[in-house]
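As they're listed, the protein sequences go chains Y and R.
Under the working numbering, read the first sequence as residues 1 to 107, first letter to last.
Under the working numbering, read the second sequence as residues 108 to 214, first letter to last.
2 protein chains.
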Amino acid sequence: MHIQEFQEMMKTLYYARDQERGIEATFKWLEDELQELKEAINEKDKGSIQKEFADVIAWLASLANITEVNLEKAAINKYNSLCPKCKRSPCQCIFIKAKPAVFDQTP
Amino acid sequence: MHIQEFQEMMKTLYYARDQERGIEATFKWLEDELQELKEAINEKDKGSIQKEFADVIAWLASLANITEVNLEKAAINKYNSLCPKCKRSPCQCIFIKAKPAVFDQTP
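What follows is the structure, given as structure tokens:
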């Protein structure tokens, strides 16, 4: 299934509710689903892990619908067979384990 | 692009790095990307919002790769044209704005 088809299915199923809930509460729900995914991964429960991955991408699609973003186009625009930073495949960027904080700059 | 194709592209680009980083640090990176999406939404910057949506789905795919989950199959297994709870389209479940806490049960 195309990313866009999945997003459209979510729109058919949930758009009216997502709009009524609003962006802030929908974002919070997505955050909660991500925490449930973390718990499922920690518990190593394969069935739960799969269901929670489904919920995270579903709520991400819901959030994209109410913020009027085409998730597939956004994904392909940034990631299109090459790393967006080093422009190579596989990525050859310098390996860092954790994402540096935006304002974490020593003088 | 199919969800699975996108996940495979992420695997080609980043699997070796994602494996080296590990599940915990990759999850943390995904959480950080979600916070960046929140900031972009708050700032109402359309270009940034699209890029941050791309990053969130990219890191979700990376996490799926190293936890050996097929994101497309997981999504379709749970959400397949009908709401998984009420089995209707559009969803007809009782509307609640916020996700109830799992242990939030009054006696």
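Even glycine gets a Cβ: it sits at the ideal position worked out from N, Cα and C.
Integer Cβ distance of residue i from residue j, believed to fall under 8 Å
i	j	result
residue 130(R)	residue 174(R)	6 Å
residue 181(R)	residue 114(R)	In fact, because the Cβ distance is near 10 Å, the residues do not count as touching under 8 Å.
residue 62(Y)	residue 26(Y)	6 Å
Outcome for residue i when other beta-carbon atoms lying within 10 angstroms are tallied against a minimum of 16
i	result
residue 39(Y)	exposed
residue 58(Y)	buried
residue 161(R)	buried
residue 50(Y)	buried
residue 148(R)	buried
residue 105(Y)	Residue placement at residue 105(Y) is flagged as unreliable, the pLDDT there being 48, under the threshold of 50; a coordinate-derived value is accordingly withheld.
residue 214(R)	Note that residue 214(R) scores 45 on pLDDT, short of 50, meaning its location in the model is unreliable; the coordinates nonetheless yield the value given after this. Flag for residue 214(R) reads exposed.
Span separating the alpha-carbon of residue i from that of residue j
i	j	result
residue 76(Y)	residue 126(R)	23 Å
residue 69(Y)	residue 136(R)	22 Å
residue 189(R)	residue 5(Y)	14 Å
residue 9(Y)	residue 196(R)	9 Å
residue 198(R)	residue 92(Y)	45 Å
residue 37(Y)	residue 2(Y)	23 Å
residue 99(Y)	residue 139(R)	8 Å
residue 45(Y)	residue 167(R)	18 Å
residue 79(Y)	residue 163(R)	12 Å
residue 43(Y)	residue 17(Y)	31 Å
residue 128(R)	residue 87(Y)	21 Å
residue 121(R)	residue 15(Y)	33 Å
residue 201(R)	residue 94(Y)	49 Å
residue 192(R)	residue 48(Y)	16 Å
residue 72(Y)	residue 35(Y)	24 Å
residue 159(R)	residue 52(Y)	21 Å
residue 208(R)	residue 101(Y)	30 Å
Subject >> Start-end ranges of the alpha helix (DSSP H) lying completely within the stretch 1–64 of chain Y, minimum 4 residues >> reply: DSSP runs (the alpha helix (DSSP H)) wholly in the stretch 1–64 of chain Y: 3–21, 23–42.
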